[in-house]
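Data first, discussion second: the structure below is written as structure tokens.
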Amino acid sequence: MAVTLVNPAGLPEIDVYHQVAVAEGTKLVFVAGQVAWGADGVTIGEGDLAAQVERSYLNVGTALAGAGGSFDDVVKLTFYVVGWTPDQMPALLDGIARATAKLDTKASPPATLIGVAALDVPEHLVEIEATAVL
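All residue numbers for the sequence shown refer to our numbering, where the first residue is 23 and numbers rise by one.
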């Protein structure tokens, strides 16, 4: 594995992600922001943040596999959520939990969550991008 996840002393331990990822490898993979599209380009889970997080996360997994990697190789995730408020956290975490169960991964790389006014189309509520090292 090219990535070691760490929570250094002096920083809080967060259940959802690690504070630091130490990467060793030779190939960088940058995954474009993934939204809740099926392979046919139709939005999945319109109006449902948890469903859209799940699908977007699964799409990141598909993109990583296409590059020869998996979530074990991810060094950073960035979540863009439309109209973010802290009360949306349970739905976000539910979507992540459902996706990680389907992907059979416990990887919890460093992550950033950014609230945005809008994404590419009105029905998309979340977009997830990833950086990985293979």
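From the three backbone atoms N, C-alpha and C, an ideal C-beta is built for every residue, glycine too. On a predicted model such as this, the values are computed, not experimentally measured, just so you know.
In the three-state reduction of the DSSP assignment, E68 falls in the coil class. Spanning the alpha carbons of G55 and G32 requires a straight line of approximately 31 Å.
Annotated three-state conformation of L135 is strand, per DSSP. The C-alpha of P108 is placed about 15 Å away from the C-alpha of L147. Contact annotation: F93 and T127 have beta-carbon atoms nearer than 8 Å. Spatial neighbours of G117 in its own chain (CB-CB distance under 6 Å, excluding positions within 5 residues in sequence) are listed in chain order as A72, V75 and E76. The beta strand (DSSP E) runs of length 3 or more contained entirely in the region 73 to 124 are, from start to end of the chain, 96 to 104. Judged by DSSP in its simplified three-state form, E145 adopts coil rather than helix or strand.
Taking the Cβ atoms as the reference, L141 lies roughly 15 Å from V82, outside the contact range of under 8 Å. Between V103 and the set D95, A24, L125 and S78, the nearest pair of CA atoms involves S78. Collapsing the DSSP output to three states places T153 in a strand.
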